[in-house]
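One structure is given below, encoded as structure tokens.
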Amino acid sequence: MTQSNSKITLIIKPFLMLSFALFFLTSCLDNNLDLVEDINEDFSGITSIEVDGEFLDVTYVGEAGRQSVNLTAQLLSNSNRRFNIEYRVDGSKLIVELDKRGGLGNARGEGSIVLRGPRNMMIDIETENGTIAIENIVSSQIDVETNSGTMNLRNLTVNDIELSTNSGAIDAQDLTGNVDLEVNSGRAVLTKVDGNVDAELISGQMSISQVNGLVNVTNQSGNVELNQVTRAGNVTVTSGQIFATRTGLSNLTAPRVGSGYIYIQTTSNLNSFNFNITTGSGSARVGNNTNSGSLVLNNGATATIRGEVGSGKLEIVN
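At position 218 of the sequence shown the residue is numbered 822 (this note's numbering), and the sequence of numbers has no breaks.
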């Protein structure tokens, strides 16, 4: 064997051995999921809960009269070394998280984290693609976030409610408190809110209905529907659209349109407001009054609704 061939052999051999090892490690992980963790623990003196569930489904249910917090969790995986559920108590906070270890192979997992405890509880829950369900909570604040998972919220009485998703789905009903809602390309449905709503949408879909409060919406290129909203506030569209029905006006109402479309069918008396709408190449309509360039209506009212339209369209009608 020549010297050059020997060098090639020395180079190829380790590469082949590494390739075989990688194949062996990968093939050792089949698609069958086995129960690798089964947790059932009770905790007392807990006033706040923080969960990072990753791909696990996470549930918190508040129960009237309950003092302790019960944690039940199950983890199924085709590897007993890649994932595990860790939990600890820090003061009065219970922290639960899925630990993902690095490694080779096609490791998969699924499972759930279920918490039952007092109704009065501060909540901070985050998942990657796991489902989040929360119901029957009384608190000063909750923060709930999912990347691509689904969020279901019911019967929350919370001062500050923060909800966000990237490409997932949010379904929230019967909320008392102020809501901060952020959606990228996902979708969100809010129903029956007693409080103010600040909503931001990039390119997804959003429906907000039966709100006893002020609703501010910023929408880039998505679609937003408002229905039975007491008061519309800052309503801004870049290239998307906002379609509002049975929505009240106020001195805080300020519609702004880029190249998109805003339609507001209001329950308010249009004569109770002055209007000053400036337009570029777009158009504005208030009641039976339509104009481009600017639309100024002086009804002798104490409140003036000011708006802006670029190349899009704005309509406010009864």
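Cβ atoms here follow ideal geometry from the backbone N, Cα and C, with glycine treated the same way.
CB of residue 705 within 7 Å of CB of residue 674, strictly: Along the sequence shown, one-based indexing puts residue 705 at 101. Along the sequence shown, one-based indexing puts residue 674 at 70. Their beta carbons are not under 7 Å apart, which means residue 705 does not touch residue 674 by this criterion.
Residue 803 and residue 821 closer than 7 Å at C-beta: The residue labelled residue 803 in the question sits at position 199 within the sequence shown. The residue labelled residue 821 in the question sits at position 217 within the sequence shown. Yes. Within cutoff.
Residue 862 beta carbon less than 7 Å from that of residue 826: As a position in the sequence shown, residue 826 is number 222, starting the count at 1. As a position in the sequence shown, residue 862 is number 258, starting the count at 1. No; because the gap between Cβ atoms is not below 7 Å, this pair is not in contact.
First and last residue of the uninterrupted beta strand (DSSP E) at residue 876: Counting from 1 along the sequence shown, the entry for residue 876 is found at position 272. Premise fails: residue 876 is in no beta strand (DSSP E) and is neither H nor E.
Supposed close pair residue 891, residue 871 - CB separation, criterion 8 Å: Translated into the one-based positions of the sequence shown, residue 891 becomes position 287. Translated into the one-based positions of the sequence shown, residue 871 becomes position 267. The Cβ separation is near 14 Å, so there is no contact.
Helix, strand or coil at residue 672 according to DSSP, with G and I counted as helix: Numbered from 1 along the sequence shown, position 68 holds the residue referred to as residue 672. Reduced to three states, the DSSP call for residue 672 is coil.
Of the residues 782, 762, 735, 795, the one placed nearest residue 773, counting alpha carbons only: As a first step, residue 773 is located in the sequence shown; it is residue number 169 there, counting from the start. When only C-alpha atoms are compared, the closest one is 735.
Counted within 10 angstroms of its Cβ, other Cβ atoms place residue 960 as buried (16 or more) or exposed: In the structure as shown, the chain begins at 605 and stops at 922. Residue 960 is therefore absent and cannot be evaluated.
Enclosing beta strand (DSSP E) for residue 835 [first to last residue]: Position 231 of the sequence shown holds residue 835. Run containing residue 835: 827-841, per the beta strand (DSSP E) assignment.
Cβ-based neighbour list, residue 887, same chain, cut-off 8 Å, excluding 5 preceding and 5 following: If you number the sequence shown from 1, residue 887 lands on position 283. Answer for residue 887: 894, 895, 896, 913, 917, 918, listed in chain order.
Contact between the region 687-694 and the region 761-770 (3+ Cβ pairs under 8 Å): no
Outcome for residue 840 when other beta-carbon atoms lying within 10 angstroms are tallied against a minimum of 16: Counting from 1 along the sequence shown, the entry for residue 840 is found at position 236. Flag for residue 840 reads buried.
Residues of its chain near residue 905, where Cβ-Cβ distance is below 7 Å and the 5 sequence neighbours each way are ignored: Here residue 905 refers to the residue found at position 301 when the sequence shown is read from its first residue. Answer for residue 905: 876, 877, 878, listed in chain order.
Sub-7 Å separation of residue 702 and residue 689 beta-carbons: The count along the sequence shown starts at 1 and reaches residue 702 at position 98. The count along the sequence shown starts at 1 and reaches residue 689 at position 85. In this structure, residue 689 lies closer than 7 Å to residue 702 by Cβ.
Three-way DSSP call (helix, strand, coil) for residue 905 in this model: Stepping through the sequence shown from its first residue, residue 905 is reached at position 301. Three-state result, residue 905: coil.
Contact check, residue 717 vs residue 746, beta carbons under 7 Å: Position 113 of the sequence shown, counting from 1, holds the residue named residue 717. Position 142 of the sequence shown, counting from 1, holds the residue named residue 746. No, they are not a contact pair.
Environment of residue 921 [buried if 16+ CB atoms lie within 10 Å]: Start at 1 with the first residue of the sequence shown, and residue 921 comes out as number 317. It counts as exposed.
Coarse secondary structure for residue 914, derived from DSSP in three states: Here residue 914 corresponds to residue number 310 of the sequence shown, with the count starting at 1. Residue 914 falls in the coil class under three-state DSSP.
Residue range of the beta strand (DSSP E) that includes residue 722: As a first step, residue 722 is located in the sequence shown; it is residue number 118 there, counting from the start. It is not in any beta strand (DSSP E) - residue 722 carries neither H nor E in the DSSP assignment.
Helix, strand or coil at residue 639 [DSSP, three-state]: Position 35 of the sequence shown, counting from 1, holds the residue named residue 639. Note: residue 639 maps to strand in three-state DSSP.
Exposure label - residue 672; buried when at least 16 CB within 10 Å: Residue mapping note: residue 672 aligns to position 68 of the sequence shown, counting from 1. Classification of residue 672: exposed, given that the 10 Å Cβ count is below 16.
Per DSSP, the bridge partner or partners of residue 704: Against the sequence shown, residue 704 aligns to sequence position 100. Per DSSP, 687.
Residue 816 (DSSP reduced to helix, strand or coil): Working through the sequence shown from its first residue, we reach residue 816 at position 212. Three-state result, residue 816: strand.
Cβ neighbour criterion (16 or more within 10 Å) applied to residue 907: What you label residue 907 is simply residue 303 of the sequence shown in a count that begins at 1. Counting Cβ neighbours within 10 Å, residue 907 comes out exposed, since fewer than 16 surround it.
Where residue 857 sits in the DSSP three-state scheme: One-based indexing of the sequence shown puts residue 857 at position 253. Residue state, collapsed to three classes: coil.
Under the three-state DSSP convention, the category residue 711 falls into: Locating residue 711 in the sequence shown gives position 107, counting from the first residue. Reduced to three states, the DSSP call for residue 711 is coil.
For residue 833, the nearest candidate out of 789, 901, 801 (CA to CA): As a first step, residue 833 must be located in the sequence shown, where it is residue number 229. Checked all of 789, 901, 801; the closest Cα to residue 833 is 801.
Endpoints, beta strand (DSSP E) assigned at residue 846: Position 242 of the sequence shown, counted from the first residue, corresponds to residue 846. Start and end: 845-851.
Span separating the alpha-carbon of residue 663 from that of residue 657: For this step, residue 663 is matched to residue 59 along the sequence shown. For this step, residue 657 is matched to residue 53 along the sequence shown. The straight-line gap from Cα to Cα measures roughly 10 Å.
Buried/exposed call for residue 724, threshold 16 Cβ in 10 Å: Residue mapping note: residue 724 aligns to position 120 of the sequence shown, counting from 1. By the neighbour-count rule (16 or more Cβ atoms within 10 Å), residue 724 is not buried but exposed.
Beta-carbon contacts of residue 885 that lie in its chain and below 7 Å, excluding the five residues immediately before and after: Here the question's residue 885 lines up with position 281 in the sequence shown. Correct list, in chain order: 915.
Option nearest residue 787 by Cα separation, candidates 812, 738, 652, 655: Sequence index remark: in the sequence shown, residue 787 carries index 183 (1-based). Here the closest residue by C-alpha is 812.
For residue 808, the nearest candidate out of 858, 785, 909 (CA to CA): The sequence position of residue 808 within the sequence shown is 204, counting from 1. Checked all of 858, 785, 909; the closest Cα to residue 808 is 785.
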